[in-house]
Each structure stands twice: as structure tokens, then as C-alpha cells.
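See below for the structure under consideration.
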Amino acid sequence: MKISRYFLVICIAGLIVSCEGQAKKPKPLTDKEKAELHMKKVLGETGKQSEYGLIIIMRDLARQIDRINTGLFTNNRYMIQKGAEAIAHHPIPKGGIKPYLRKNVDKVKTEIPIIDKNLHQTAIIISKKAKTASIRELHDLTVKMTSACVRCHQLFRD
Ligand code: HEC
1 MKISRYFLVI
11 CIAGLIVSCE
21 GQAKKPKPLT
31 DKEKAELHMK
41 KVLGETGKQS
51 EYGLIIIMRD
61 LARQIDRINT
71 GLFTNNRYMI
81 QKGAEAIAHH
91 PIPKGGIKPY
101 LRKNVDKVKT
111 EIPIIDKNLH
121 QTAIIISKKA
131 KTASIRELHD
141 LTVKMTSACV
151 RCHQLFRD
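Using the numbering used here, you'd call the opening residue of the sequence shown number 1 and step up by one each time.
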């Protein structure tokens with residue numbers, strides 16, 4: 001009788017622990033929620049920001065493109081991988097893009113999550129494939145990536 005009571009207590013305790021575990025598991029975000037969260041990061045409204053502003057981060061992004069291109073022209077796969085990694089994981093500039101958002105505001109807000117997703121996903125693909133894919137394929141991916149940079153600038157500059 002005693003043993004079975006202990007058994008019951010252990011079972012209930014186990015159930016509580018496993019329920020708590022379930023409750024803590026974050027619900028996967030929908031695509032819309034992901035895009036909204038992403039936009040907040042780009043605007044500088046959430047996420048850990050760098051101590052450096054947008055222009056400094058942008059100039060470094062441009063250097064990383066140079067690094068990838070040198071890698072493509074010299075078959076230096078290390079440079080391709082490291083350049084793409086730096087782009088994929090670039091920090092959120094201090095203050096986000098908000099100070100630069102003067103025109104096309106609605107267009108920018110709807111397009112940026114897609115542009116930025118393309119940019120970061122392609123950077124991740126390049127970094128993962130840097131050691132194995134053909135240089136030609138890596139070059140095509142790099143062009144796809146830089147066209148996302150250019151598309152975003154067009155929104156701010158045209
Ligand atoms: C989310 C939009 C966005 C994306 C994506 C983006 N940029 Fe920018 N970039 C900006 C904004 C905003 C500015 C500042 C305003 C301007 O120059 O028109 C800027 C400015 C720049 C500048 C000029 C900095 C200076 O010295 O004035 C360079 C260089 C640059 N970006 C490189 C890049 C590269 C390389 C990529 C892709 C790897 C990239 N950017 C992707 C928004 C973006």
C-alpha cells in the first residue's frame with residue numbers, strides 16, 4: 001500500500017514537470033509573425049543592437065562582398081565562407097534603419113522582410129556550400145545575394 005502511494009506521488013510529480021516542460025516550449029511562429037518580428041529588428045525596435053551605426057555595418061558588408069569576390073577569383077574557399085558568414089550574422093545596427101526611412105515607407109515595410117530574408121538565407125547557403133559547390137554556383141549565389149543589397153538601396157534612394 002505504501003509503495004503504491006509513493007508511486008502515485010511520483011507519477012503526479014512527473015506529470016507536473018512534463019506539463020511545465022510543455023508550457024515552456026515556445027510555439028513556432030507563423031510566417032506573418034516571423035516577418036513582423038524581422039521588421040521590428042530591421043527598424044531597431046527589438047533585438048540586441050550593435051554599438052555601431054548602420055553606415056559602419058554597411059561598409060563592412062561591402063568589404064565582405066569584396067572578400068567573397070576575391071575568393072571567387074582566386075578559388076579561395078576560406079574567403080568565400082568567412083565573408084558569407086560575416087554577412088549572414090551581421091549585427092543589428094544601432095538605431096536600425098529608422099533614421100534612414102524617409103520615403104517609400106509602406107513599400108519598404110512590406111518589401112524589407114522578403115529582401116532581407118533572401119539576403120540572409122543566400123548568405124547562409126553560400127557559407128555552407130563554400131567548400132563543396134563549384135565556383136560557378138557560388139558566383140551565381142553571390143550575384144543573387146548582392147541583388148538583394150541593391151534592391152534594398154533602391155527603395156531608399158530612388
Ligand atoms: C534592409 C535594407 C538594406 C539592405 C538589405 C542592405 N542595405 Fe546597405 N544600406 C541601407 C541603407 C538604409 C543605407 C543608408 C542610406 C543610403 O545610403 O541610401 C545603406 C547604405 C549602404 C552603403 C553606403 C555606406 C556609406 O558609406 O554611406 C553601402 C556600401 C552598403 N549599404 C552596402 C550594402 C551591402 C554590401 C549589402 C548587402 C550585403 C547591403 N548594403 C544591404 C539599407 C540596406
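No residue lacks a Cβ here, since even glycine has one placed at the ideal position from N, Cα and C. Predicted model, so just to flag it, every value in this text is computed and none were measured.
Would DSSP call I97 helix, strand or coil?
Coil.
Please tell me whether, using a cut-off of 7 Å, the distance from the CB of M58 to the nearest non-hydrogen atom of ligand 1 is below it.
Yes; taking the cut-off as 7 Å, the Cβ of M58 has a heavy atom of ligand 1 nearer than that.
Look at the Cβ atom of K131, then the Cβ atom of R77, and state whether they are nearer than 8 Å.
For K131 and R77, yes; Cβs fall inside 8 Å.
What distance in whole Å lies between the Cβ atoms of M39 and P159, which are believed to be in contact at a cut-off of 8 Å?
One cannot answer for residue 159 here, as it falls past the ends of the chain, which runs 1 to 158.
Pairs of beta-carbons, one from the segment 67 to 84 and one from the segment 45 to 55, closer than 8 Å: are there three or more?
In short, these stretches do not touch, since the Cβ pair count stays below three.
Compute every distance between the C-beta of V42 and the non-hydrogen atoms of ligand 3, then say whether any falls below 7 Å.
Absence of ligand 3 is noted for the structure shown, with ligand 1 being the only ligands found.
Can you name the start and end residues of the alpha helix (DSSP H) that E51 belongs to?
Here E51 belongs to no alpha helix (DSSP H), and DSSP marks it neither H nor E.
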